[in-house]
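Top to bottom, those sequences are chains W and D.
If you're matching positions, the first sequence starts at 14 in this note's numbering and goes up one per residue.
If you're matching positions, the second sequence starts at 14 in this note's numbering and goes up one per residue.
Just so it is clear, CB atoms sit at the ideal spot from N, CA and C, and this is done for glycine as well.
Everything on this sheet refers to the single structure shown next.
Number of protein chains: 2
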Amino acid sequence: MSFARRVAEIEPFRVMAVQQRAHELEALGRHIVHMEIGEPDFSSPAPIIAAGQRALQQGETRYAPVAGLTALREAIAGWYRQCHGIEVSPQRIIVTAGASGALLLISALLLEPGRNLLLADPGYPCNRHFLRLVEGRGKLVPVSATERFQLSAERAAQHWDAQTVGALVASPANPTGEILNRADLTALDALCRARDGSLIVDEIYHGLTYGCEARSALEIADDVFVINSFSKYFCMTGWRVGWAVVPEDYVADVEKLAQNLYISNPEVSMRAAEVAFAPEVLAQCEANRVRFQAQRDFLVPALREIGFKIPVTPQGAFYVYADSSAVTDDSYTFCVDLLERSGVAVAPGIDFGNHLARQHVRFSYPKPVPVLQEGVARIRRHLRR
Amino acid sequence: MSFARRVAEIEPFRVMAVQQRAHELEALGRHIVHMEIGEPDFSSPAPIIAAGQRALQQGETRYAPVAGLTALREAIAGWYRQCHGIEVSPQRIIVTAGASGALLLISALLLEPGRNLLLADPGYPCNRHFLRLVEGRGKLVPVSATERFQLSAERAAQHWDAQTVGALVASPANPTGEILNRADLTALDALCRARDGSLIVDEIYHGLTYGCEARSALEIADDVFVINSFSKYFCMTGWRVGWAVVPEDYVADVEKLAQNLYISNPEVSMRAAEVAFAPEVLAQCEANRVRFQAQRDFLVPALREIGFKIPVTPQGAFYVYADSSAVTDDSYTFCVDLLERSGVAVAPGIDFGNHLARQHVRFSYPKPVPVLQEGVARIRRHLRR
Numbered sequence: 014m015s016f017a018r019r020v021a022e023i024e025p026f027r028v029m030a031v032q033q034r035a036h037e038l039e040a041l042g043r044h045i046v047h048m049e050i051g052e053p054d055f056s057s058p059a060p061i062i063a064a065g066q067r068a069l070q071q072g073e074t075r076y077a078p079v080a081g082l083t084a085l086r087e088a089i090a091g092w093y094r095q096c097h098g099i100e101v102s103p104q105r106i107i108v109t110a111g112a113s114g115a116l117l118l119i120s121a122l123l124l125e126p127g128r129n130l131l132l133a134d135p136g137y138p139c140n141r142h143f144l145r146l147v148e149g150r151g152k153l154v155p156v157s158a159t160e161r162f163q164l165s166a167e168r169a170a171q172h173w174d175a176q177t178v179g180a181l182v183a184s185p186a187n188p189t190g191e192i193l194n195r196a197d198l199t200a201l202d203a204l205c206r207a208r209d210g211s212l213i214v215d216e217i218y219h220g221l222t223y224g225c226e227a228r229s230a231l232e233i234a235d236d237v238f239v240i241n242s243f244s245k246y247f248c249m250t251g252w253r254v255g256w257a258v259v260p261e262d263y264v265a266d267v268e269k270l271a272q273n274l275y276i277s278n279p280e281v282s283m284r285a286a287e288v289a290f291a292p293e294v295l296a297q298c299e300a301n302r303v304r305f306q307a308q309r310d311f312l313v314p315a316l317r318e319i320g321f322k323i324p325v326t327p328q329g330a331f332y333v334y335a336d337s338s339a340v341t342d343d344s345y346t347f348c349v350d351l352l353e354r355s356g357v358a359v360a361p362g363i364d365f366g367n368h369l370a371r372q373h374v375r376f377s378y379p380k381p382v383p384v385l386q387e388g389v390a391r392i393r394r395h396l397r398r
Numbered sequence: 014m015s016f017a018r019r020v021a022e023i024e025p026f027r028v029m030a031v032q033q034r035a036h037e038l039e040a041l042g043r044h045i046v047h048m049e050i051g052e053p054d055f056s057s058p059a060p061i062i063a064a065g066q067r068a069l070q071q072g073e074t075r076y077a078p079v080a081g082l083t084a085l086r087e088a089i090a091g092w093y094r095q096c097h098g099i100e101v102s103p104q105r106i107i108v109t110a111g112a113s114g115a116l117l118l119i120s121a122l123l124l125e126p127g128r129n130l131l132l133a134d135p136g137y138p139c140n141r142h143f144l145r146l147v148e149g150r151g152k153l154v155p156v157s158a159t160e161r162f163q164l165s166a167e168r169a170a171q172h173w174d175a176q177t178v179g180a181l182v183a184s185p186a187n188p189t190g191e192i193l194n195r196a197d198l199t200a201l202d203a204l205c206r207a208r209d210g211s212l213i214v215d216e217i218y219h220g221l222t223y224g225c226e227a228r229s230a231l232e233i234a235d236d237v238f239v240i241n242s243f244s245k246y247f248c249m250t251g252w253r254v255g256w257a258v259v260p261e262d263y264v265a266d267v268e269k270l271a272q273n274l275y276i277s278n279p280e281v282s283m284r285a286a287e288v289a290f291a292p293e294v295l296a297q298c299e300a301n302r303v304r305f306q307a308q309r310d311f312l313v314p315a316l317r318e319i320g321f322k323i324p325v326t327p328q329g330a331f332y333v334y335a336d337s338s339a340v341t342d343d344s345y346t347f348c349v350d351l352l353e354r355s356g357v358a359v360a361p362g363i364d365f366g367n368h369l370a371r372q373h374v375r376f377s378y379p380k381p382v383p384v385l386q387e388g389v390a391r392i393r394r395h396l397r398r
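If you want it as structure tokens, here you go:
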């Protein structure tokens with residue numbers, strides 16, 4: 014057996030293992046409260062499902078153009094026009110299999126041995142593993158609650174070295190729900206521009222903000238990379254449709270990489286996604302957002318009450334990244350115990366980086382409030398054991 | 014702009030560009046005969062489409078287990094039992110987004126800077142680009158018609174060097190349709206075993222053989238990697254469902270890579286694929302196979318008659334890899350001209366490697382015979398111009 018060296022260095026996405034174990038326990042008859050996986054527990058809006066069924070009815074089951082169906086790319090461009098008042102050429106929009114597909118393409122495009130990309134720690138764990146896949150490296154910059162867990166231009170400048178080719182940030186971010194405002198994005202763009210690097214902004218949680226609006230990096234500049242997806246706001250996780258917006262000069266090469274790496278995305282999923290911007294779907298997404306906000310507004314104080322520290326109320330996504338140092342000295346062991354003994358599945362901080370990782374836990378809250386109540390009650394009892 | 018070096022070295026999958034240009038010409042009102050893309054021009058069998066619709070009806074639109082739905086993995090294991098009389102543990106079967114997803118995982122698992130994998134030239138072009146993605150290298154071994162375009166153990170042994178970690182072969186092969194028989198596979202397996210390397214066999218065209226049967230490498234050994242897909246035999250290209258069978262000891266690490274690289278495959282596609290092995294679907298696939306055989310039996314002599322050399326009649330897949338040296342001294346220019354001037358889309362040999370590439374053309378023949386007749390008639394006229 015001869016594994017590539019990267020295999021030992023790429024860590025499991027532990028939340029997936031937590032979910033798998035939770036399902037095993039359920040198969041044994043246990044009742045589990047799921048607060049681990051980043052998806053709502055309901056299906057996609059009905060018009061999306063109906064559009065998928067229609068596409069199948071019409072026999073649309075063949076390879077599609079590598080960059081995505083033209084109608085879908087145009088619909089996404091229309092969405093930027095509608096939400097952000099900006100013109101993005103559909104040619105620059107490359108449809109991918111979820112945001113994961115976009116991360117693969119951008120990593121392949123920019124990274125290679127010796128090169129690194131700055132990433133906030135904590136952050137979405139797979140980011141650094143995509144970079145490792147292509148023999149580049151994620152240079153983790155520790156960020157904490159006092160800086161809203163975001164990588165600022167100032168901090169990025171401090172960590173930028175001769176091998177750095179850019180910065181990958183997320184807004185709203187996973188696991189913290191924190192947002193980069195227009196000034197943050199402008200400063201990051203200016204830094205990357207000055208250093209001849211690329212700014213990559215993961216906007217997969219766009220639309221899911223509470224009491225504020227997330228700006229798109231595309232409002233600031235045309236030469237940024239933006240990653241997005243239908244998974245979260247449009248509740249389409251299982252369809253695997255996302256997109257990348259890439260600077261004009263990179264389009265042809267991104268398409269070339271896509272031709273080689275996956276040929277085509279699922280046609281039925283793209284047809285379904287085409288209707289995601291229809292008013293009746295958006296109304297439902299907005300209703301979901303309001304529900305998520307109420308769930309957040311229940312969960313944050315409830316967690317604070319039982320001993321978790323949450324210095325800043327998260328403004329977006331559907332996660333709470335809570336400081337567990339007052340209730341445990343090792344959040345990983347805590348998460349394992351909590352699932353096994355008390356039937357609550359949550360994600361350990363070590364999934365999201367190294368910085369203070371063993372004193373944080375991520376709670377995913379797009380669940381009915383009674384479910385969250387039961388989860389909190391079980392955690393309360395668990396802590397008293 | 015700072016591209017990774019690999020970007021310049023990864024070539025476009027030209028057949029995709031040919032198809033795109035063909036669609037552009039069609040949009041201008043031209044009629045095009047399509048013999049470029051490797052897919053039949055009809056939709057998936059009706060029970061597969063119905064199963065997809067049912068899954069949507071049931072709201073199955075969420076993340077699925079990373080290695081695929083258990084029922085699907087079990088169904089694939091059952092298929093190995095039924096077709097090959099062998100027991101393959103469902104645990105070893107990792108569902109992927111087409112064969113492309115399997116190539117990504119296996120490349121990530123085995124290749125790294127300095128390492129290479131032996132590949133037949135001509136062969137599926139994306140193979141070497143997957144290896145380049147992870148900074149490994151495909152070591153192309155020229156193979157010709159006299160050796161049925163296949164990489165033999167003997168030739169592999171000659172080209173094996175200190176950096177070689179295995180061989181990736183395909184049976185039936187793209188672009189040649191040639192098959193590896195049991196003795197070929199046994200010898201390759203023995204070589205890889207003796208050299209402490211891995212044998213990877215791409216069996217994506219399994220089921221599509223004419224007058225012979227393709228053996229699975231899994232009949233020979235348990236410690237090989239096998240790549241397969243629902244795309245070709247089951248006419249499911251646009252759904253993006255394939256699979257890898259990996260040796261037991263690699264399963265956990267392959268799952269770990271998959272968690273990071275794509276989280277989940279499309280749920281609706283997996284539900285649809287579950288019914289692919291039902292008798293009524295298999296009956297339709299068999300009827301398709303008989304039709305493909307008749308199409309091959311028309312096309313091969315017709316191409317020979319107009320000047321293409323096809324020394325061995327291909328035994329599988331749905332391609333003819335024809336020697337065009339008697340009709341053109343540059344098959345790439347020929348393909349471009351043929352599309353622009355005569356409206357026939359075919360794939361140039363340079364898509365599939367370097368060895369005698371400019372004197373070969375790949376014809377994809379899963380089309381009604383009248384379409385193939387029209388294509389041949391146009392090529393005949395084109396050659397007389």
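Beta bridge counterpart(s) of W:Ala335 as assigned by DSSP: W:Val374
Nonlocal neighbours in the same chain, by C-beta distance under 7 Å from D:Glu125, ignoring five residues either side: Val147, Glu148 and Gly149
Members of the stretch 17-32 of chain W that neighbour chain D once the beta carbon cut-off is set at 7 Å: Ala17, Arg18, Arg19, Val20, Ile23, Pro25, Phe26 and Met29
Cut-off 6 Å between Cβ atoms - residues of its own chain near D:Gln297, not counting five sequence neighbours on either side: Pro58
Under 8 Å from the C-beta of W:Trp252: neighbouring residues of chain D: Thr74, Pro279, Glu280 and Val281
Contacts around W:Val239, its chain only, beta-carbon distance under 6 Å, and the 5 residues preceding and following it disregarded: Val214, Glu216, Ala230, Leu231 and Val258
Check whether W:Ile233 and W:Asp202 have beta carbons under 8 Å apart: yes
Between the CA atoms of W:Ala200 and W:Ala165 - distance to the nearest angstrom: Before going on, a small fix: residue 165 of chain W reads as Ser here, not Ala. Distance between the alpha carbons of W:Ser165 and W:Ala200 is about 8 Å.
Distance between beta carbons of D:Gly111 and D:Gly255, contact taken as under 8 Å: 4 Å
Contacts of D:Gln66 in chain W (Cβ-Cβ under 9 Å): Gly65, Gln66, Leu69 and Gln70
Cβ pair D:Pro379, D:Phe305 closer than 8 Å: yes
D:Phe238 - partner residues in DSSP beta bridges: D:Ile213
Below-8 Å beta-carbon distance, D:Cys348 vs any chain W residue: no
Proximal residues, the stretch 164-186 of chain D versus chain W, C-beta separation under 7 Å: Val178
Residues, ordered as in the chain, of the stretch 147-159 of chain W that lie near chain D by beta-carbon distance below 7 Å: Val147 and Glu148
Residue environment, D:Glu287, which counts as buried when at least 16 other CB atoms sit within 10 Å: buried
Per-residue contacts from W:Lys269 into chain D (C-beta, under 7 Å): Ile23 and Pro25
Supposed close pair D:Val357, D:Met48 - CB separation, criterion 8 Å: 7 Å
Near-chain D residues of the stretch 125-143 of chain W (beta-carbon distance less than 8 Å), N- to C-terminal order: Glu125, Pro126, Arg128, Pro138, Cys139, His142 and Phe143
Start-to-end residues for the alpha helix (DSSP H) that takes in D:Pro155: No alpha helix (DSSP H) holds D:Pro155; the beta strand (DSSP E) holding it covers Arg150 to Pro155.
Identity of the residue in W:Ala315, W:Val384, W:Pro383 and W:Tyr334 nearest W:Phe162 by Cα: W:Tyr334
For D:His47, the residue or residues it bridges with in DSSP: D:Ala358
Exposure label - W:Pro324; buried when at least 16 CB within 10 Å: exposed
W:Val382 beta carbon less than 8 Å from that of W:Gln308: yes
Nearest to D:Leu38 (by Cα), restricted to the options D:Leu352, D:Gly366 and D:Ala370: D:Leu352
Contact between the stretch 235-250 of chain D and the stretch 340-351 of chain D (3+ Cβ pairs under 8 Å): no
Spatially closest choice to W:Val264 from W:Arg67, W:Val178, W:Ala80 and W:Arg43, by CA coordinates: W:Ala80
W:Gly72 versus W:Gly65: straight-line alpha-carbon distance, rounded: 11 Å
Among W:Thr341, W:Phe365, W:His172 and W:Ile363, nearest to W:Arg398 - alpha-carbon criterion: W:Thr341
Cβ pair W:Ile89, W:Val267 closer than 8 Å: no
Extent of the continuous beta strand (DSSP E) to which W:Val178 belongs: Thr177 to Ala183
Three-way DSSP call (helix, strand, coil) for W:Thr159 in this model: helix
Bridge partner(s) assigned by DSSP for D:Gly329: D:Thr222
Chain D within 8 Å of W:Glu216, Cβ atoms only: no
According to DSSP, residues forming a beta bridge with D:Leu130: D:Gly151
Cα-Cα separation between W:Ala339 and W:Glu318, rounded to whole angstroms: 12 Å
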